[in-house]
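Student: In this note's numbering, the protein residues as written are 4 to 74. Before I ask anything, here is the structure I am working with.
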């Protein structure tokens with residue numbers, strides 16, 4: 004069992020040796036307004052730019068690891 008059990012309620016309690024990070028999308032009224040004003044082409048460009056940034060950050064992180072290992 005990954006958590007500790009409590010006998011009286013018999014439910015699993017979370018462990019305290021790790022912290023959960025919340026990566027849920029932020030969906031609120033201002034963000035929804037921005038999405039509604041975006042046309043399809045602009046929305047696709049927005050998604051493409053977000054994925055290119057993720058790719059660039061991953062490549063840079065990999066290069067830093069490579070340089071740390073070999074140099």
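We treat Cβ as the ideally placed atom computed from N, Cα and C, and that holds for glycine.
#1: Just verifying my parser: in three-state terms, what is the DSSP assignment at residue 34?
#2: Can you round the beta-carbon distance between residue 41 and residue 49 to whole angstroms, since I take them to be within the 8 angstroms contact cut?
#3: What did DSSP end up calling residue 74 once you bin it into helix, strand or coil?
#4: Is DSSP giving residue 4 helix, strand or coil here?
#5: When you compare only the Cα positions, how much space is there between residue 64 and residue 52?
#6: Using a Cβ-Cβ cut-off of 8 angstroms (strictly less than) and excluding sequence neighbours within five positions of residue 35, which residues of its own chain qualify?
Tutor: Inspection of the coordinates gives the following:
#1: Translated into the one-based positions of the chain shown, residue 34 becomes position 31. Note: residue 34 maps to helix in three-state DSSP.
#2: In the chain shown, the residue the question calls residue 41 occupies position 38. In the chain shown, the residue the question calls residue 49 occupies position 46. Taking 8 angstroms as the upper bound for CB-CB distance, residue 41 and residue 49 are in contact here, some 7 angstroms apart.
#3: Within the chain shown, numbered from 1, the residue matching residue 74 stands at position 71. Here residue 74 sits in coil by DSSP.
#4: Sequence index remark: in the chain shown, residue 4 carries index 1 (1-based). Caution applies to residue 4, whose pLDDT of 48 falls short of 50 and renders its modelled position unreliable; the model cannot decide the point.
#5: Counting from one through the chain shown, the residue named residue 64 turns up at place 61. Counting from one through the chain shown, the residue named residue 52 turns up at place 49. Residue 64 and residue 52: Cα-Cα distance of roughly 18 angstroms.
#6: Reading the chain shown from its first residue, position 32 is the one you call residue 35. None.
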